[in-house]
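Colleague: Chains as they are written, first to last, in this note's numbering: chain A, 1 to 542; chain B, 1001 to 1387; chain C, 2001 to 2552.
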Amino acid sequence: MKQEVSPQLQEDQKGPWWRVFLSFIFDVRVLGVLGQIGFILLVIIIAQTIGGNFSENASRLGESQFICRDGTFSYRCAYDFMDSESGFDIAETMIDYVNTDPYWTAFKVGLLNTLKLALLGVTLTTLIGIIAGIARLSDNWLVSKLALWYVELMRNTPLLIQIVFIYFGVVLALPALKEAIQPMGLPIFLSERGLNLPKLIFTSSASIWIAFLILGIIQFQVLWTSLGRREERTGQASNRVALGIISLVIVASIGWFTASAVSDTQGMLVTKGSRILDVGDLVKFTLRRAKVNHIDDIAALPEEEISAAAFQVCVLEDSSSEANLTRHLRGLKIPYNIHRTDRPDQATAKFADGTCEAFAASKSILAAERATLENLTGNIIISIKESPLVWSLPVLEGLNMVGGSKVRPEFTALLMALVLFYGGSIAEIVRAGILSVSKGQSEAARALGLSEGQRLQLVVMPQALRVIIPPLIGEFLSLSKDTSLGFAIGFPDMYAVSYTTMNQSGRVLQLFVLMMLVYMTISIVFSGVLNWYNERAKLVER
Amino acid sequence: MSRKLFPFFAVLVLLALVVTACGGGGDTSALQGEIDSLQSDLDAANAKLEEAMAMPAETETVEVAVTFAGGGDTLAKVQGLGVLNCGVSGGLPGFSVPDADGNMTGFDWDYCRVVAAAALGDADAAEARPSNASERFPILQSGEIDVLIRNTTWTVSRDTSLGFNFAPTTFYDGQGMAVRKDSGIDTLEGLDGGTVCVNAGTTTEKNLADVFRSRGISYEPVVFAETADVRGAYDEGRCDGWTTDKSGLIASITILADPTAHKILDETMSKEPLGPLVRHGDDNWFDIVKWSVNCTILAEDLGVTSANVDDMLGADDPQILNLLGVEGDLGQAMGLNNDFCYQIIAQVGNYGEIFEANLGVDTPFGLTRGLNAQWTNGGILYSPPFR
Amino acid sequence: MTESITQIQEPVGKRFNWEIFLQDNITGSWFQAIWVLLLTIFTISYAISQFDNLPLSTGIILGGWVIGIFMVVRGELSLKHSRLSRWLKNNLISSISNTILTLLIILVIAFSINSIWQWAVVNANFNPLETTPEFRTEEGATWGVIFGARKLLMTGLMAPEDSWRVWIALGFILVMWVLTLVSGRPKLKEKLKALRTVVNTVWLLSPAILYLFLAGAPNNPYNIKLMLIAEVGILAIYLLLWWQKVVQFYWRSFIITALGWPLLYTIWSTIGTSEFFPPINVDTWGGLLLTMIIASAVIVLSLPLGMVLALGRRSEVYGIPDWIVWPVAVGAMIWGFTTTPVLLETSRNLIERLLAFWPLLIFGVAYILQRAFKGNVVAGASTTFIEFIRSVPLITLLFMGIVMAPFFLAPGVYTPKPWPVIIGYTLFASAYSAEIIRGGLQAIPHGQFEAADSLGFNGLQKMRFIVLPQALRIVIPPIVGQFIGAFKSSSLVSIVGLFDFVGISKVVIANNEWLGLRTELYVFMAVVYFLGSFLMSSYSRRLEVRLGLGER
């Protein structure tokens, strides 16, 4: 790059040498460059001082922070400790994790929790924010004032106080597990231990059903396009929505029944002497044991007799057989008692010594296990029908709910607090965005006869979005970073897991660097994606 | 003067100042440094002289050139500052918690005062540095505090890879589990499928995971960073069980909403020997802390209390005379006054007094001595001899 | 309700069209019909249940609602609205769904206010001595904890004998505030010019004065070296500003600048050695005092730092030219590559093999510097710093400050906890302030810059006289919002172990008398924070009006 010589310098070059030199030195550009070089040198010196202090302090610790596996000291071994066993449990994991897994796995668990919370929080808070923002502009004075107070309350109290308050004051104030709230008698339990919901499980016959589903969707698509073309050609409405849905439902139902009828993978191992040849025989079995005539009379018996008459069955942990079998048993109103084991041989042992009267699992496992029993012919495997999807219902067993899916109170409280807090800020942004759309647009929409809802949806919001999105990006990023406050109430996000790791392993600097890098990556990726969306939605300016 | 000449004048002035600051200042600071170190030596000597004057006439002080074993200078730093920086918890009732006026009280805090009485001759020269579980080790490693007395468990990894030395255990504890009486849980197996509240990043958390895993008990951990939150969550019923050191459980149950509704299971999940710790690299300071603790233990063994310590100065038993520094030069070998143990007992008390004052039967905690009794009384407190 | 556009002479009643009325309010769309139906069902059931609980107030509300409807309907039918009925019609009873919604909301608000009132006032216990569990009830608050723990809540763990410091500091601020108000009065402005100068100077020095009161002057010996170096710095800056013609040379101002620092330093040192304000352990700061100190320090420090960063990011200083950067970078890379073979040999896995080629990072840095920033180190460093700080959460910075600070300083140096926290937090806040100020700088039309250039202003002059005054006025609303955010987010320091206003509540709750009174404390804290933020935002609104923002 050629340095441009100013006219002033050219003139001065005619003068004595020292004048030329001085004017060169005192040129702002030269001074600037010298200053910047000096700045870089200063930064290097400071870094060296700090680095020197650090290594001196590190060496005073007996170089413990950077010890390699073979006992030598090297900065390269900084992250070797992450391969050792973590030794602590994490309550909420999206992947499989036990406390013998390395610290890396624990860190991944924390990271996934953070991402889950961030994504869910961002979605919900946008929803709340939009509702509150529109409410702020409502005709109804009360509604707009309420929204204003909500926004002001959220914006003027710290997030931490809100989180702790919602956790200790709201979520933990829910009733204990044994007195959980059950809305309308559904198998949904809300208590201070969390929200227990039923879960749908895919069984092994689900594959057949899914094949039918795919077929149905393809068929739906074909119908949709062909009817759509006919619509365009003839101009007549073709009810393709209704037709398409009906046909999809028909195909799916056919698939369901086929799958249930065809699949024969689930079974139950019973003794021949029990004379149970299929699930229906269990009714007679139980009636005989309980000494009643009708299955409904069992409920009237005292507790001990019910548990004495209960059907003892072994199942494997985390298998769909349990949900499948219990569905049948519930349908037949048969009381039962489940024994869960980790491995099939443990279940077989229990079956052999009589703790269980039956072992329900997939037929292949049962066949293998039956072969190990002494009395080969004395035990038979009966078939149990299964449907592609089975409900796993939460049931109170001992201290906790078993089955179904669970949402922990820490997650709920943190999510609620984040969503409400950022909802306030987003409400203001949405309001500003809506106000930025010129009034003429709304008036024109009304003149065209659009209803209020259509006006908002078709005219105002698309234009408002352009103004709303840039500040929204900032709020989303803040929310994803504020997930780290879950540490205060025991939510195992990345910060909390790193904190525990720091304490258990004694290494502080490495974890900080790692954590900061991950947060930076999340921020960069997130803002990159949102900025890309913003570019697409932006007004093209002249 | 002409405006044009001003810059040159200003630059000259600046250069002059710069030269003065860097050049002359440097020399001055080197000299100043020497003066400072001489001054601090003089002050230390003066302090010793004053202490010598204040001691009872029976002891004789001899100025002995002290060489510190193994390097390190914590004692010099402490005596130079005149203050002992002591890391404590600041939030554990009975061990270290501020009272309503903000003054620190507790068992661990009294041991801070013990070390201060030994090193500085004044138990009140100890300064508390409250810390949570995650910063307690870095502040000791960095030198921000001189000794950490924060109900910390003595483990091999802390002793070696974290770079610390553990003084004798002041409190033999074990990890226990608190449950509600009406839950009907009597053993750890009864918590199968339940939730357990625990502190983040502690050996407690690790022990809980290990013990429950080895016994095949499944549980859901609810983990908080602050003890107050753990306690609050357990009290609200969030967890079926709460685990920490048994002494901590006993202390904290007293401040739950209904202390009588809870019980501690008999089972002990792990050994938790709690005691003071110091950094690697300063053997002399380690000796000082070690023997300060031993002084309190041995004093109780020999029957020396804060009430009778002055009378004990004239006792016949040579063990007591050695202990209190009437005979022998035990203190000076560490750079302390020979009467350091006398100061400890007189200003703070022996082990039994410290225990009873903070955790004993007259306190809300009502702990029995148990393992923490003298070896002659069924416990395992056993001090090596002062000789 | 439909309203005709033209003037009608006949009363509306005759021309009332039920079909149109229903169309507008209920049957206009499926959504509207379902909404009205749901609202009606919900409101009726809620009103009935409330009637059981609080018959009197529910009756009054229902009565008022009915009266309101009557007023609006009468006004509509007779075309004569009173002011009240017009307001009701426009705001509350504009359509059927709105009417029902109004009733529902009023009932819900009444119920909530009633229960809060019951808990907070009617059943509450205000006696500070009756806070132990036997005096508490489920339905009432135990406000005694606030009175009883007031010392802990206000000053934390500060020793009681040091509380005179807080009183002096408060008194000082009060006096200064009164003087500022008095000397700012338009009528007295001329007469009290001298007073104003003194007041302004004292405000400039107030951080040092408050530090003196609250933390005490350290007992260090007079450090000539420090004084001379700082003096050199001050004079150099004055020289630079004079040379760039931003400051005019007057003997009086020069002497004040030159002698001000040595004088102040001498006074500081003298006070320090004289034991008038002995230093206290800053770690004992706590409660609301600590929150105010942290928030004020962060606000005061982050604004200038943010300005520097914003200006740095936008600076157009002549960057280091390629012919300097690339040779140095290539040289450094070559030197770095000499270590690569050794690293490759001893590498154990793929990542370490990749890391052996670390000199490529130097290439990357140089490339970014030259391409993105045209060699402008100032802009590059500012941008990198801002983006880095903005992408990490605040508590990681705070925690890192507290835990890592002892490692990065010389061994054995004792850092009281508040300082690393304040520094970390200031860096965080300054990055955000920098972005806000940059937005303000961008909002100034280019014409201003060009006009300044054409008038012969150089860079610094342009900033000082043209750009910054306009930019700072524009950014006041968001900056005050940032300050409010800093005040609120200071609560996060409780997570890293400082006993600020939020953190001290844990100590209070652990006390025997005040066990578990969490709700009362948190409500109190929320109220205090709310008041503080609300006051700040209303002051900023008044400031905007006074500065005429948005009017020009």
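Backbone N, C-alpha and C define an ideal beta-carbon position, used for all residues, glycine too.
1) Excluding the five sequence neighbours on either side, which residues of its own chain have a C-beta within less than 8 Å of the C-beta of B:Thr1187, listed in chain order?
2) Return helix, strand or coil for B:Asn1199, following the three-state DSSP convention.
3) Counting only the same chain and skipping the five closest in sequence on each side, list residues whose C-beta sits under 7 Å from that of C:Gly2216.
4) Under 8 Å between C-beta atoms, does B:Gln1194 make it to chain A?
5) Report the start-end ranges of each beta strand (DSSP E) in the stretch 2326-2355 of chain C that is 3 residues or longer and not cut off at the edges.
6) I'd like the list of long-range same chain contacts for C:Trp2119, defined as Cβ closer than 7 Å, with 5 residues on each side in sequence excluded.
7) So is B:Pro1385 buried or exposed if we call it buried at 16+ other beta carbons inside 10 Å?
8) Do you know offhand how far C:Gly2075's Cα is from C:Trp2065's?
9) Apply the 10 Å Cβ neighbour rule to A:Thr157 and answer buried if 16 or more other Cβ atoms are within range, or exposed otherwise.
10) Determine, using beta carbons only, whether A:Thr544 and A:Leu479 come nearer to each other than 8 Å.
11) Any residues in the stretch 2281-2307 of chain C with a beta carbon nearer than 9 Å to a beta carbon of chain B? Which ones, in chain order?
12) Looking at the strands, I want to know which residues DSSP matches up with B:Ala1126.
13) Is it the case that the CB of C:Ile2020 approaches a heavy atom of the ligand FAD more closely than 7 Å?
14) Rounded to the nearest angstrom, what separates B:Pro1276 and C:Val2496 at their Cα positions?
15) How would you list, in chain order, the residues of chain C whose beta-carbon sits under 9 Å from the beta-carbon of A:Val508?
16) Once the 5 residues before and after B:Glu1220 are set aside, which same chain residues still bring their CB inside 7 Å of it?
17) Does DSSP put C:Asp2500 in a helix, in a strand, or in coil?
18) C:Val2502 versus chain A: which residues are under 7 Å apart at the beta carbon?
19) Got a sec: which bits of the stretch 107-123 of chain A sit with their beta carbon under 9 Å from any beta carbon on chain C, in order along the chain?
20) Return the Cβ separation of B:Asp1110 and B:Val1348 in integer angstroms, given the expectation that the two are a contact with Cβ distance under 8 Å.
21) With burial defined as no fewer than 16 other Cβ atoms inside 10 Å of the residue's Cβ, what is the status of C:Thr2201: buried or exposed?
22) Does chain A have any CB closer than 8 Å to the CB of B:Phe1137?
23) Bridge partners of A:Gly449, per DSSP?
24) Given a limit of 7 Å on CB to CB distance, which residues of the stretch 440-473 of chain A reach chain B?
25) With a CB to CB cut of under 7 Å and the five nearest residues on each side skipped, what residues in its chain are close to B:Ile1255?
26) Could you spell out the range, first to last residue, of the alpha helix (DSSP H) harbouring B:Asp1287?
27) Mind listing which residues of the stretch 2316-2336 of chain C have their C-beta closer than 9 Å to chain A's C-betas, in chain order?
28) According to DSSP, simplified to helix, strand and coil, what is A:Tyr75?
29) What does the alpha-carbon distance come out to for the pair C:Glu2345 and C:Leu2354?
30) Could you tell me the boundaries of the beta strand (DSSP E) in which A:Pro335 lies?
31) Shorter than 8 Å from the beta carbon of C:Arg2552 to some beta carbon of chain A?
32) By the 7 Å beta-carbon criterion, what residues does the stretch 1255-1286 of chain B contribute toward chain C?
33) Would you say C:Tyr2046 lies against chain A (beta-carbon separation less than 8 Å)?
34) For a test of the three-state rule: what should DSSP assign to A:Ser392, helix, strand or coil?
35) Using a beta-carbon distance cut-off of less than 9 Å, what residues from the stretch 1199-1232 of chain B approach chain C?
36) Out of curiosity, what's the CA-to-CA distance linking A:Val241 and A:Val251?
Modeller: Reading it off the structure:
1) Counting from 1 along the second sequence, the entry for residue 1187 of chain B is found at position 187. Excluding positions up to five away in sequence, the list reads Leu1265 and Glu1267.
2) As a first step, residue 1199 of chain B is located in the second sequence; it is residue number 199 there, counting from the start. The answer is strand: DSSP assigns B:Asn1199 an E or B state.
3) As a first step, residue 2216 of chain C must be located in the third sequence, where it is residue number 216. The residues are Phe2277, Pro2278, Pro2279 and Ile2280.
4) Taking the first residue of the second sequence as 1, we reach residue 1194 of chain B at position 194. A quick correction: the sequence has Gly, not Gln, at residue 1194 of chain B. Taking Cβ atoms only, chain A reaches closer than 8 Å to B:Gly1194, which makes this a yes.
5) The qualifying runs do not exist here; there are none.
6) Numbered from 1 along the third sequence, position 119 holds the residue referred to as residue 2119 of chain C. Once the five neighbours on either side are set aside, the close Cβ partners of C:Trp2119 are Glu2139, Gly2140 and Ala2141.
7) For the purposes of this step, residue 1385 of chain B is identified with residue 385 of the second sequence, where counting begins at 1. By the 10 Å Cβ count, B:Pro1385 comes out exposed.
8) Sequence index remark: in the third sequence, residue 2075 of chain C carries index 75 (1-based). Sequence index remark: in the third sequence, residue 2065 of chain C carries index 65 (1-based). If you draw a straight line from the Cα of C:Gly2075 to the Cα of C:Trp2065, it is about 15 Å long.
9) If you number the first sequence from 1, residue 157 of chain A lands on position 157. Buried.
10) Since the first residue shown for chain A is 1 and the last is 542, residue 544 of chain A is missing from the structure and cannot be characterised.
11) Asn2281, Asp2283, Thr2284 and Gly2286
12) Start at 1 with the first residue of the second sequence, and residue 1126 of chain B comes out as number 126. DSSP output for B:Ala1126 lists B:Leu1084 as bridge partner(s).
13) No copy of the ligand FAD appears in this structure; indeed no ligand is present at all.
14) For the purposes of this step, residue 1276 of chain B is taken as the residue at position 276 of the second sequence. For the purposes of this step, residue 2496 of chain C is taken as the residue at position 496 of the third sequence. Their backbone Cα atoms lie some 23 Å apart in a straight line.
15) As a first step, residue 508 of chain A must be located in the first sequence, where it is residue number 508. For a Cβ distance threshold of 9 Å, residue set Met2400, Val2403, Met2404 and Phe2407 of chain C lies close to A:Val508, ordered along the chain.
16) Indexing the second sequence from 1 puts residue 1220 of chain B at position 220. So the qualifying residues of the chain are Thr1195.
17) Counting from 1 along the third sequence, the entry for residue 2500 of chain C is found at position 500. Secondary structure of C:Asp2500 (DSSP, three-state): strand.
18) As a position in the third sequence, residue 2502 of chain C is number 502, starting the count at 1. Chain A residues near C:Val2502: Leu160 and Ile161.
19) Residues passing the 9 Å Cβ filter: none.
20) On the second sequence, residue 1110 of chain B is found 110 positions in, with the first residue counted as 1. On the second sequence, residue 1348 of chain B is found 348 positions in, with the first residue counted as 1. Sure, about 6 Å apart at Cβ, within 8 Å.
21) To locate residue 2201 of chain C, count along the third sequence from 1; it is residue 201. Result: exposed.
22) As a first step, residue 1137 of chain B must be located in the second sequence, where it is residue number 137. B:Phe1137 counts as touching chain A.
23) Here residue 449 of chain A refers to the residue found at position 449 when the first sequence is read from its first residue. Paired residues: none, contrary to the question.
24) none
25) Taking the first residue of the second sequence as 1, we reach residue 1255 of chain B at position 255. Counting only Cβ-Cβ distances below 7 Å, and skipping sequence neighbours, we find Pro1093.
26) Within the second sequence, numbered from 1, the residue matching residue 1287 of chain B stands at position 287. In the DSSP assignment, B:Asp1287 falls within the alpha helix (DSSP H) that extends over Asp1283 to Leu1302.
27) Val2317, Tyr2318, Gly2319, Ile2320, Pro2321, Asp2322, Trp2323 and Ile2324
28) In the first sequence, the residue the question calls residue 75 of chain A occupies position 75. In the three-state reduction of the DSSP assignment, A:Tyr75 falls in the helix class, which pools H, G and I.
29) For the purposes of this step, residue 2345 of chain C is taken as residue 345 along the third sequence, with counting starting at 1. For the purposes of this step, residue 2354 of chain C is taken as residue 354 along the third sequence, with counting starting at 1. C:Glu2345 and C:Leu2354: Cα-Cα distance of roughly 12 Å.
30) For the purposes of this step, residue 335 of chain A is taken as the residue at position 335 of the first sequence. Per DSSP, A:Pro335 belongs to no beta strand (DSSP E) and is neither H nor E.
31) On the third sequence, position 552 is the one that residue 2552 of chain C refers to. Annotation note: pLDDT 46 at C:Arg2552 (below 50); position unreliable, no value reported.
32) Ile1255 and Ala1257
33) The count along the third sequence starts at 1 and reaches residue 2046 of chain C at position 46. No, no contact with chain A.
34) For the purposes of this step, residue 392 of chain A is identified with residue 392 of the first sequence, where counting begins at 1. It is a strand residue.
35) Ala1225, Glu1226, Thr1227, Ala1228, Asp1229, Arg1231 and Gly1232
36) By 1-based counting over the first sequence, the position of residue 241 of chain A is 241. By 1-based counting over the first sequence, the position of residue 251 of chain A is 251. Going by the C-alpha atoms only, they are around 16 Å apart.
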